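**Student:** Quick one: the structure is below, questions incoming.
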Amino acid sequence: MGAIEAFKAQKADRPPRVLLYSHDTFGLGHLRRSRTIAGALTAADAGLSALILTGSPVAGRFTFPDRVDHIRLPGVTKLEDGTYASEALGLDIDETTALRAGLIRTAVEKFEPDLVIVDKEPTGFRGELEDTLKWLQKETSTKIVLGLRDVLDEGEALAEEWERKGALDAMLKYYDDIWVYGLKSIYNPLHGLDVPKSAKSRMHWTGYLRRETWDYTPDTSVEPYILVTPGGGGDGEKLVDQVLRAYESDPTLSPKAQIIYGPFLSGDTRTQFEDRVAKLDGRVVSLGFNSKMENLIAGATGVIAMGGYNTFCEILSFDKPAIIMPRKRPRLEQYIRAARAEQLNLVRMLDPDRDGLGTSVMVDAIRALPDQNPPSVGQFPDLLDGLQSIVDRVDSLLHPKGAKAAE
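The numbering used here puts the first residue of the sequence shown at 497, with every later residue one more than the last.
Rendered as structure tokens:
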């Protein structure tokens, strides 16, 4: 019996296992997306287990669904010159990457997944996945999937990045499926790449990933509020500052605002913001982190955000009027998403280069937010079918029709 046949036989009598890789060098987006997908898969199959490999330093602060667990990889941090360093271990980046790669390989060998879902990076952080991908392809029957958010970056920048990383070659060589967590009619994340037909035939457009609340009961005693969220918060200083300036300049501005800074907006900047919030007589309240953002968005009158993928999915899922103030550096992902969503009447975008940065611009936008159209006005069929599409596709990969018929 060959290695692959033995691997199949070993797994035949037990429930399926899915491993999700989320490199998470910065922010929360990759981990939150992986957690959402893992939860949908375990909910659809009472026997399935999911394991998330993540580099997020705040992974332990999240609630995970039943039969979903995670392994925290040693963290890395990006320096001002664009290079990376170990977050806490004091190792150089090559040693840290090698350690992460070894942990990934061991986790995959011991967990024996039937399916591996890699988020965004075909070769992983600094190529740390490549040896494991080669081993999986040669020694196992594990299906390997690349999951891409709806927008990666502007085409020319993406082409340069993927050429440097060997990402396109890896996608063509190792991946059985390529899932796009969006709609083809909205944006193609591989725009700018010369993708051959053989890869296009493996692409599946799932739709956006619908979010649900966590044990949520609406509190009718809470005053109407707008939710302000810069996602993880690491680059959210400008958004929070603009909102605070609006409330500071106009004592009559309403509704009230609830700011969730995110775990990476901290230090002196956070302290200064807290001092300003304290002077606003309760018209603005703030919190550093909430692992159940879905509940806060569900209860909000509207949302002001930077427009990362997960927040955008939540805005769509709970049909909330939204103002998006996207970043443009280090990549144009948020700006492309926000501009396209505004064209489709899903959100309103505030672009300082187009609309100006004056405080009155934000004041007027906040006043108009409760009466702004919700995303449902856009009327896109299948917009939020992503999780069901993924569940169906996983079933097809793990239980091919030919195999079912043979049984």
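Note that CB positions come from ideal geometry on N, CA and C, so glycine has one too. Note that the coordinates shown come from a computational prediction; the quantities given were computed from them, not determined experimentally.
#1: At 3 residues or longer, what runs of the beta strand (DSSP E) sit wholly inside the segment 692–722?
#2: Any idea what DSSP makes of lysine 616, helix, strand or coil?
#3: Relative to the C-alpha of methionine 699, which candidate in Leu585, Lys752, Arg645 has its C-alpha closest?
#4: Check this for me: beta carbons of threonine 797 and proline 751, under 8 Å apart or not?
#5: Under three-state DSSP, which class holds serine 885?
#6: Buried or exposed: which applies to glutamine 875, given that a residue is buried once 16 or more other Cβ atoms fall within 10 Å of its Cβ?
#7: Would you tell me roughly how many angstroms separate the C-alpha atoms of leucine 537 and glycine 852, rounded to the nearest one?
#8: For tyrosine 712, count neighbouring C-beta atoms within 10 Å of its own C-beta (all shown protein chains included) and say buried if the count is 16 or more, exposed if not.
#9: Helix, strand or coil for threonine 638? Go by DSSP, reduced to three states.
#10: Is there contact between the segment 829–840 and the segment 731–750, where contact requires at least three CB pairs shorter than 8 Å?
#11: Who are lysine 574's beta bridge partners in DSSP?
#12: How about leucine 894 and leucine 611: are their beta carbons less than 8 Å apart?
#13: I'd like the span of the beta strand (DSSP E) that includes lysine 752, first residue to last.
#14: With a cut-off of 8 Å on the beta carbons, I'd call isoleucine 819 and leucine 865 a contact; round off their distance for me.
#15: Going by the CB atoms, is the gap between methionine 667 and alanine 742 shorter than 8 Å?
#16: Thinking C-alpha only, which one of Leu783, Leu599, Leu883 is nearest aspartate 627?
#17: On the three-state DSSP scale, how would you describe tyrosine 671?
#18: Just list the residues that DSSP pairs tyrosine 677 with in beta bridges.
#19: With 16 as the cutoff for other CB atoms within 10 Å, does alanine 902 come out buried or exposed?
#20: Checking 8 Å against the spacing of the C-beta atoms, do arginine 766 and glutamate 744 come in under that value?
#21: Would you tell me roughly how many angstroms separate the C-alpha atoms of isoleucine 533 and valine 890, rounded to the nearest one?
#22: Which whole-angstrom value describes the C-beta separation of tryptophan 710 and threonine 807, a residue pair presumed to lie in contact below a C-beta threshold of 8 Å?
#23: Helix, strand or coil: which one does DSSP assign to alanine 546?
#24: Near leucine 595, what residues of its chain come up, given a Cβ to Cβ distance below 6 Å and the 5 sequence neighbours on each side ignored?
#25: Three or more beta-carbon pairs under 8 Å between the segment 681–692 and the segment 640–657, yes or no?
#26: Where does aspartate 923 land, buried or exposed, given buried means 16+ other C-beta within 10 angstroms?
#27: Can you name, in chain order, every residue of its own chain whose Cβ lies under 6 Å from the Cβ of histidine 566, other than the five neighbours on each side?
#28: How would you label arginine 528, buried or exposed, when you count the other beta carbons within 10 angstroms and need 16 or more for buried?
#29: Going by beta-carbon coordinates alone, are methionine 845 and proline 822 separated by less than 8 Å?
#30: Where alanine 663 and proline 618 are concerned, what is the direct C-alpha to C-alpha distance, given to the nearest angstrom?
#31: Residue ranges of each alpha helix (DSSP H) run of no fewer than 4 residues wholly in the segment 839–889, ordered along the chain?
#32: Name the DSSP beta bridge partners of leucine 801, please?
#33: Using alpha carbons as the reference points, say which of Thr593, Glu591, Ala584, Leu625 lies closest to valine 604.
#34: Which of helix, strand or coil does DSSP assign to isoleucine 682?
#35: In terms of residue numbering, what span does the alpha helix (DSSP H) encompassing histidine 526 cover?
**Tutor:** Straight from the coordinates:
#1: 699–701
#2: coil
#3: Checking every option, the nearest Cα to that of methionine 699 belongs to Arg645.
#4: yes
#5: In the structure shown, serine 885 sits in a helix (DSSP, three-state: H, G or I).
#6: exposed
#7: 44 Å
#8: exposed
#9: coil
#10: no
#11: Tyr580
#12: yes
#13: First-last of the beta strand (DSSP E) with lysine 752: 752–756.
#14: 6 Å
#15: The answer is no: Cβ separation not under 8 Å.
#16: Leu599
#17: coil
#18: Arg645
#19: Low confidence applies to alanine 902: its pLDDT is 42, below 50, so where it sits in the model is not reliable, and the reading given next is rough at best. Burial call: exposed.
#20: no
#21: 11 Å
#22: With a Cβ gap of about 16 Å, tryptophan 710 and threonine 807 do not count as contacting.
#23: strand
#24: Pro570
#25: A contact exists between the segment 681–692 and the segment 640–657.
#26: Examination of residue 923 is not possible in this model, given that the chain is present from 497 through 903 alone.
#27: Ile548, Thr550, Ala555
#28: Burial state of arginine 528 is buried, judged by a 10 Å Cβ sphere holding 16 or more other Cβ atoms.
#29: yes
#30: 5 Å
#31: 848–851, 855–864
#32: According to the sequence shown, residue 801 is alanine rather than leucine. Thr725, Ile820, per the DSSP bridge assignment.
#33: Closest option to valine 604, Cα to Cα, is Leu625.
#34: DSSP places isoleucine 682 in coil when its eight states are reduced to three.
#35: 525–540
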